[in-house]
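Everything below concerns the one structure shown next.
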Amino acid sequence: MNDSTGPRAKRKLSEILSPLACQASGVNLISTGPSLEILQVTGGYIDHAPACHEFDSRTILAVLTISFVVINVIRRFILNRQYRYLPPGPVPLPLLGSLLSIGKEPWLTYTKWGAAYGDLVFVRILDQDVVVLSSQYVAEALLDKRSRIYSDRPYLATVKPFGWSCNFGFLGYNDEWRLRRRLFHQTFRPESARKFCPMHIKRAHEMIVNMIDDPQRYYSHFATFTSSTAMSVVYGYEPSPRDDPLVHVITEAVELGFAVMTPEKAIILKTFPFCK
């Protein structure tokens, strides 16, 4: 191609770019042997038509998808060598794990899995590995007798957004937790808790009377018993035996906390923090 700037060169460039539906206008060219180089754009532009962008986008998307699948397969192959030492459990779906199998009442699902797989059940939820303890014996053996190994708590991404970070029961096994537990133990160890027995008996009598008078509101009476007991011990508050407004507020807060701070929802929020 000898003519570097004439119509023939521009025509050749258009022929080269035409399969990609591109346009060329006002371009100075120079021949460097078998190739063409653009020196400058004097009166126009080289712009890619939408077909070029669509072609590039589809190609990039396909490459990214294939790369993601290959990496995930390799990762799962490597991790499977570790999973052979884990307890049995349901077969997880790719990416989602067993998230879709848990449902709105996870304790029922865990009970069913415990009956099928045993006292120790391995569950994968999104990218989080979970071991479910399905019996009191196993829970005591691991969490109590081997507390130095298994007494830590996982980070729950739902605790802080819903205002429960003040509860040291959600803290990890660190210095702050040890300090709070020591203070808690000074008041509520078995020897010290005996002084609360008269109050416990009084609240229990009130609950029994409420259940006899209005058995249809069984859950409300039991919630009143637990909330009023805690408030009497911690704050010295004496709630009314029935329909106390402050007890009602606490009961609603606890119910909301149990609904939104489950480990399953915490894993989802940790994986997708933009859901806050």
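Residue numbers in the sequence shown follow my numbering, run continuously in steps of one, and reach 282 at the last position.
Every residue gets a Cβ at the ideal spot worked out from N, C-alpha and C, and that includes glycine.
So which of the options has the shortest CA-CA distance to residue i?
i: K166; options: D249, E258, A272; result: A272
i: P251; options: L99, S234, L139, V240; result: S234
i: F74; options: W113, V136, L101; result: L101
i: Y179; options: L189, H191, P160, C172; result: P160
i: T193; options: A236, T164, A163; result: A236
i: D220; options: A145, V69, D249, Y243; result: D249
i: Y300; options: L105, P279, V97, I131; result: No statement about residue 300 is possible, as the shown extent of the chain runs from 7 to 282 and does not include it.
i: S104; options: E111, R184, V129; result: V129
i: Y243; options: V260, Y225, R209; result: R209
i: S238; options: P204, L262, S226; result: P204
i: T257; options: F228, P279, K276; result: F228
i: M267; options: L149, E212, P196, G175; result: G175
i: I274; options: V76, Y91, A163; result: A163
i: F190; options: D150, F168, V240, E261; result: V240
i: P247; options: M213, K276, R186, A145; result: M213
i: L139; options: W119, L99, F278; result: W119
i: H206; options: Y224, Y225, T230; result: T230
i: L99; options: I131, Y156, D181; result: I131
i: P112; options: C281, A265, P279, F280; result: A265
Look up residue i in the DSSP assignment and give the residues it is bridged to.
i: R130; result: D135
i: G103; result: L99, I131
Which class does residue i belong to by DSSP, given the choice of helix, strand or coil?
i: M267; result: coil
i: G109; result: coil
i: V260; result: helix
i: T117; result: helix
i: P167; result: coil
i: L92; result: coil
i: P279; result: helix
i: S63; result: helix
i: D158; result: coil
i: P125; result: Checking the sequence shown, residue 125 turns out to be Asp, not Pro. The answer is coil: DSSP assigns D125 none of H, G, I, E or B.
i: S141; result: coil
I think residue i touches residue j, with their Cβ atoms under 8 Å apart; what is that distance to the nearest whole Å?
i: S107; j: T115; result: 7 Å
i: P93; j: V136; result: Not really, about 11 Å apart at Cβ, beyond 8 Å.
i: L177; j: W170; result: Actually they do not touch by this definition, with Cβ atoms about 11 Å apart.
i: P245; j: V253; result: 5 Å
i: F202; j: G263; result: Not quite, the Cβ-Cβ distance comes to about 24 Å (not below 8 Å), so this is no contact.
i: D133; j: T277; result: 6 Å
Using a C-beta cutoff of 8 Å, does residue i count as contacting chain D?
i: L149; result: Reference to chain D is not applicable here, since this structure consists of a single protein chain.
Practice task
Quick one: which unbroken alpha helix (DSSP H) runs of 4-plus residues sit fully inside the segment 169-256? Chain order, please.
Solution key: Entirely contained in the segment 169-256, the alpha helix (DSSP H) runs reaching 4 residues are, in chain order, 181-194, 196-199, 203-219, 224-241.
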